[in-house]
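What follows is one structure encoded as structure tokens, with my remarks underneath.
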Amino acid sequence: MADIPSAILLDRVTLSHGARLLVEKADLALKPGSFTVLAGANGHGKTTLMRALLGLHPAREGRIAVLGRAPRAARQLIGYMPQERRLPAPQLTGRALIAASWHGTRFGLPGWGRGLADDLKAALSLTGAEALAEQPLSQLSGGERQRLFLAEALLDKPALLVLDEPLSGMDLHWQQKILTMLQARCRETGMAVLMSCHGLDIVRPFADHLLQISEHKLELSDAAL
Numbered sequence: 001m002a003d004i005p006s007a008i009l010l011d012r013v014t015l016s017h018g019a020r021l022l023v024e025k026a027d028l029a030l031k032p033g034s035f036t037v038l039a040g041a042n043g044h045g046k047t048t049l050m051r052a053l054l055g056l057h058p059a060r061e062g063r064i065a066v067l068g069r070a071p072r073a074a075r076q077l078i079g080y081m082p083q084e085r086r087l088p089a090p091q092l093t094g095r096a097l098i099a100a101s102w103h104g105t106r107f108g109l110p111g112w113g114r115g116l117a118d119d120l121k122a123a124l125s126l127t128g129a130e131a132l133a134e135q136p137l138s139q140l141s142g143g144e145r146q147r148l149f150l151a152e153a154l155l156d157k158p159a160l161l162v163l164d165e166p167l168s169g170m171d172l173h174w175q176q177k178i179l180t181m182l183q184a185r186c187r188e189t190g191m192a193v194l195m196s197c198h199g200l201d202i203v204r205p206f207a208d209h210l211l212q213i214s215e216h217k218l219e220l221s222d223a224a225l
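Position 120 (the sequence shown) corresponds to 120 in UniProt numbering; numbering is contiguous.
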């Protein structure tokens, strides 16, 4: 049987932002089905690392592989939720916004049909956002929008989910529900999760690994420790 490729593989990777060094000669291998929390002070490279995994930020040195492919070649297998999100049109409903991203469809050209309807229903159910999807985005709280944006990242059933501060704005109840759901998806589907989060105490019981960016290094440890 062929070896299953790592969900994320870094081989002697160096990342920088302009002249500023962020990560130097880092090695990393994360398995499919793993739930990893990414931590580090602001400005130390968390978002840059995520963008590199998406093929949006080139490595200065080394090799990055996502699910056995170059990052750009793996884009259709990755669900991504950025930290900051501008609303393209606040009067849009959550349903219309999410539908427009189905299978990478460009905004404004959703491929309506049974397949989209089924996938949309399943994604909204995962984040408890069914009722929210019918309301204009401008009328929702920050935490409610986050649940819709997470449903959007889950829409195409990604093999890797990359989440930049997805819990911001959510109350403790919804943070725990979302973390429970993500852990279950990892176990049940083999989807891998890489998620940045400032409040580590709430995340540790659900995650497998803690990935710390500090002093230009990546350090992987057991999340329970």
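Ideal placement from N, C-alpha and C gives every residue a C-beta, glycine not left out. These numbers come from a predicted model, not from an experiment.
Item                                                                                                     : Value
Cross-strand partners of R20 (DSSP beta bridge)                                                          : H17
Distance between I98 and L154 (C-alpha atoms, nearest Å)                                                 : 10 Å
Beta-carbon spacing of L38, I8 below 8 Å                                                                 : no
Inter-stretch contact at 8 Å, needing at least 3 Cβ pairs: the stretch 189 to 209 / the stretch 30 to 49 : yes
From R187, L30, E215, D222, residue whose alpha carbon lies closest to that of G43                       : E215
Helix, strand or coil at H173 [DSSP, three-state]                                                        : helix
Pair within 8 Å by beta-carbon distance, A52 and S6                                                      : no
Cβ pair Q83, T48 closer than 8 Å                                                                         : no
Given A117 as reference, the closest of L137, R95, T127, L132 once Cα atoms are compared                 : R95
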